[in-house]
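**Q**
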Amino acid sequence: MNSRYTRGMSSSIVSVDLSVGGIAARVARGLRIGRDEARWLWENASDVELREIAGTVRDRFHRPGSCTYMVMRIINYTNVCVAQCDYCAFYRLPSQEGGYVLSEEAVFAKLDELLALGGDLAAFNGGFNPHLLLSYYCELFAAIRARYGDRLEFYALTIAEFLYLADHAKLSYAEAAARLKAAGVRWITGGGSEILTEEFRARHSKFKYTVAEYFEAQRAIVAAELKTTATMVIGFDESVEERLEHLERTRRFQDETGGLASFLCWTFKPYFTQIGGIEISTAEYLRHLALCRIYLDNIPRIRTSVLTQNERALEGLSYGADDFDLPIEDEVTQKAGATISLDFERILNYARELGYEPEYRHVSVGESPWMAAQRVRAIVGD
Ligand code: SF4
């Protein structure tokens with residue numbers, strides 16, 4: 051199938067060849083694809099064709115056959131939340147039974163277990179808990195830094211929790227970021243993004259901040275010289291256009307700030323949630339992963355989700371991904387149906403069977419997001 055469309059201002063209209071060969075040739079020359087080309091690829095390209103084009107972009111950043119991984123745990127420090135997202139099976143309202151907040155000792159026990167299992171990354175993810183003040187977070191993070199130093203790294207909060215925390219403490223995003231940084235925080239990750247369109251958020255999570263607020267907060271985090279990441283979740287009721295809008299906003303943010311260290315996409319687990327539904331197939335996830343790699347040509351590290359796809363996530367290494375977690379816990383997705391295996395060798399062996407040699411990656415080591423972005427700009431000539 052082959053068609054053409056035009057783009058650009060009337061004085062400089064460019065005719066674009068919408069065919070696999072045409073798009074592949076442009077990508078091979080280091081050129082970007084636009085939304086129309088992405089949509090066309092999604093609707094028309096075969097799996098093999100998507101893999102090949104994604105591989106072209108992956109090879110700009112990573113040696114063929116290489117991949118990295120981390121052993122990590124998500125620490126769900128509280129399940130009390132007022133946001134009431136309809137896709138969440140994890141939260142309890144403040145008045146409901148079953149709500150909890152982990153003590154410092156309980157957090158330390160989880161971190162000790164993580165180290166014992168060979169991991170060194172923890173990611174804190176809880177809810178919008180109105181009973182937790184900024185002091186709770188600052189004291190907890192300072193205590194972790196004091197106890198573990200650089201033996202482990204932690205993602206302190208997601209952007210969504212950061213937004214709630216700043217609002218609750220009546221602080222600007224810049225002030226909230228500075229307070230957390232002073233407490234030893236180095237990372238605030240891009241979680242809580244799901245699908246970054248205002249329409250999606252109005253449908254499913256109207257108390258979880260707007261897209262504009264999300265990026266405003268992330269801009270403040272980058273300006274405070276904290277590290278951050280981009281994420282995405284697919285498999286709700288989002289349209290292809292909404293997925294493309296999410297990718298376009300993410301790419302634009304990276305062009306503007308260079309602050310995104312990586313991009314991770316995972317799939318919605320619908321069990322025991324209010325909206326329910328059925329999971330999308332692994333095949334659809336893999337195709338989407340390829341599209342992410344092709345579209346996000348300014349983010350070197352594209353991650354595939356073992357948490358929601360188990361070892362089949364590693365097939366994503368052939369669809370443009372280069373990195374993955376081996377998680378030992380995440381109550382949020384486990385409550386909605388995710389299953390976790392601690393048989394790391396079996397999972398790593400699957401990567402080897404697929405032709406990849408996994409290397410452990412320590413999150414605190416390596417080039418900064420800014421350096422990575424500079425390197426990408428040099429490569430794509432942006
Ligand atoms: S997804 Fe997060 S913000 Fe939304 S209800 Fe669940 S815990 Fe709260």
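Residue numbers (my numbering): 51 to 432.
The C-beta atom is built at its ideal place from N, Cα and C for all residues, glycine as well.
Remember, it's a predicted structure, so these values are computed and weren't measured experimentally.
(1) Where are the alpha helix (DSSP H) runs, 4 residues long or more, that stay fully inside the region 206-291, in chain order?
(2) Less than 7 Å between the CB of Phe1 and some heavy atom of ligand 1, yes or no?
(3) Rounded to whole angstroms, what is the Cα-Cα separation between Asp200 and Arg236?
(4) Give, in chain order, every unbroken run of the beta strand (DSSP E) that is at least 3 residues long and sits entirely within the region 126-160.
(5) What would DSSP say about Glu203, mapped onto helix, strand or coil?
(6) Are Leu367 and Ala401 closer than 8 Å when you measure CB to CB?
(7) Output the residue ranges of the beta strand (DSSP E) runs that lie fully inside the region 56-113 and measure 3 residues or longer, sorted by chain position.
(8) Taking only beta-carbon positions, decide if Thr281 is within less than 8 Å of chain B.
(9) Could you tell me the alpha carbon to alpha carbon distance between Tyr127 and Phe191, rounded to whole angstroms?
(10) Can you give me the Cβ contacts of Leu297 inside the same chain, cut-off strictly under 6 Å, excluding the 5 residues immediately before and after it?
(11) Could you check the C-alpha separation between Asp109 and Thr118 for me, to the nearest Å?
(12) Can you tell me the Cα-Cα spacing of Leu294 and Thr332, whole angstroms?
(13) Does the count of Cβ pairs from the region 125-143 and the region 238-256 closer than 8 Å reach three?
(14) Report the residue from Phe111, Arg195, Ala173 whose alpha carbon sits nearest the alpha carbon of Tyr205.
(15) Have a look at Tyr369 and Phe111 and give me their C-alpha separation to the nearest angstrom.
(16) So, with DSSP's three-state summary, where would you put Arg425?
(17) Determine which residues share a DSSP beta bridge with Cys188 and list them.
(18) Let's test the definition: count the other Cβ atoms within 10 Å of the Cβ of Val98 and tell me whether it reaches 16, buried, or not, exposed.
(19) Secondary structure at Val430, three-state DSSP: helix, strand or coil?
(20) Quick one: what does DSSP say Arg353 is sitting in, helix, strand or coil?
(21) Can you name the start and end residues of the alpha helix (DSSP H) that Tyr335 belongs to?
(22) Excluding the five sequence neighbours on either side, which residues of its own chain have a C-beta within less than 8 Å of the C-beta of Phe286, listed in chain order?
(23) Return the CA-CA distance between Arg299 and Ala273, expressed in angstroms with no decimal places.
(24) Going by DSSP in three states, Ala166 sits in which element: helix, strand or coil?
(25) Where does the unbroken beta strand (DSSP E) through Glu407 begin, and where does it stop?
(26) Comparing alpha-carbon positions, which option in Val382, Ile397, Glu395 lies nearest Phe140?
(27) May I ask you to report which of helix, strand or coil DSSP gives Thr118?
(28) Could you check which residue in Ala388, Leu341, Pro350, Ala340 has the C-alpha nearest to that of Glu361?
(29) Cβ atoms of Thr354 and Ala311: under 8 Å apart, would you say?
(30) Give me the Cβ distance between Ala224 and Ala270, rounded to the nearest whole Å; I'm assuming they're in contact under 8 Å.
(31) Could you tell me the distance, in whole angstroms, from the CA atom of His338 to the CA atom of Gly84?
(32) Quick check: does the Cβ of Ala173 come within less than 7 Å of any heavy atom belonging to ligand 1?
(33) Return helix, strand or coil for Ile390, following the three-state DSSP convention.
(34) Find the nearest neighbour of Arg82 within the set Cys342, Pro377, Phe178, judged by alpha-carbon distance.
(35) Considering just the uninterrupted stretch of the beta strand (DSSP E) at Thr317, what are its terminal residues?
(36) Can Leu171 and Leu202 be called in contact, C-beta distance under 8 Å?
**A** Considering the structure as presented:
(1) Qualifying alpha helix (DSSP H) stretches, in chain order: 209-218, 223-232, 248-254, 261-273.
(2) The structure shown does not extend to residue 1, since the chain is modelled only from 51 to 432, so the question has no answer here.
(3) One C-alpha to the other measures close to 11 Å.
(4) Taking only runs of at least 3 residues, no beta strand (DSSP E) segment lies wholly in the region 126-160.
(5) Strand at Glu203.
(6) Yes.
(7) Counting only unbroken stretches of 3 or more residues, the beta strand (DSSP E) elements lying wholly within the region 56-113 are 64-68, in sequence order.
(8) No chain B appears in this structure, which consists of one protein chain only.
(9) Rounded to the nearest angstrom, the gap between the Cα atoms of Tyr127 and Phe191 is 12 Å.
(10) Closer than 6 Å at Cβ, skipping near neighbours: Tyr345.
(11) Between Asp109 and Thr118, the C-alpha separation is close to 14 Å.
(12) Straight-line Cα distance between these residues: approximately 19 Å.
(13) Enough Cβ pairs lie closer than 8 Å, so yes.
(14) Residue Ala173 is the option with its Cα nearest to Tyr205.
(15) The alpha-carbon atoms of Tyr369 and Phe111 are separated by roughly 14 Å.
(16) Residue confidence for Arg425 is low, a pLDDT of 49 falling below 50, so the modelled location carries little weight; the figure read from the coordinates is stated next. DSSP, reduced to helix, strand and coil, places Arg425 within a helical segment of the structure shown.
(17) Residue pairing by DSSP places Cys188 in no beta bridge whatsoever.
(18) Taking every protein chain shown into account, the CB of Val98 has fewer than 16 other CB atoms within 10 angstroms, so this residue is exposed.
(19) Caution applies to Val430, whose pLDDT of 47 falls short of 50 and renders its modelled position unreliable; the value that the coordinates give is listed next. Note: Val430 maps to helix in three-state DSSP.
(20) In this structure, Arg353 counts as strand in the three-state DSSP scheme.
(21) That run of the alpha helix (DSSP H) goes 332-345.
(22) Excluding positions up to five away in sequence, the list reads Tyr137, Glu244, Ile245, Phe250, His254, Phe318, Ile325, Gly327.
(23) Rounded to whole angstroms, the gap between the alpha carbons of Arg299 and Ala273 is 18 Å.
(24) Ala166 carries a helical assignment under DSSP once its states are collapsed to helix, strand and coil.
(25) Under the DSSP assignment, Glu407 falls in the beta strand (DSSP E) whose first and last residues are 407-410.
(26) When only C-alpha atoms are compared, the closest one is Val382.
(27) Note: Thr118 maps to strand in three-state DSSP.
(28) The shortest C-alpha separation from Glu361 is found at Ala388.
(29) Not a contact, by the Cβ cut-off of 8 Å.
(30) Indeed they touch by this definition, with Cβ atoms about 5 Å apart.
(31) Going from the Cα of His338 to the Cα of Gly84 covers about 15 Å.
(32) Distances taken from the Cβ of Ala173 to the heavy atoms of ligand 1 include none shorter than 7 Å.
(33) Residue state for Ile390 is assigned as coil, using DSSP reduced to three classes.
(34) Comparing Cα-Cα distances from Arg82 to each of Cys342, Pro377, Phe178, the minimum goes to Cys342.
(35) Here the beta strand (DSSP E) through Thr317 covers 310-317.
(36) Going by C-beta atoms, Leu171 is nearer than 8 Å to Leu202.
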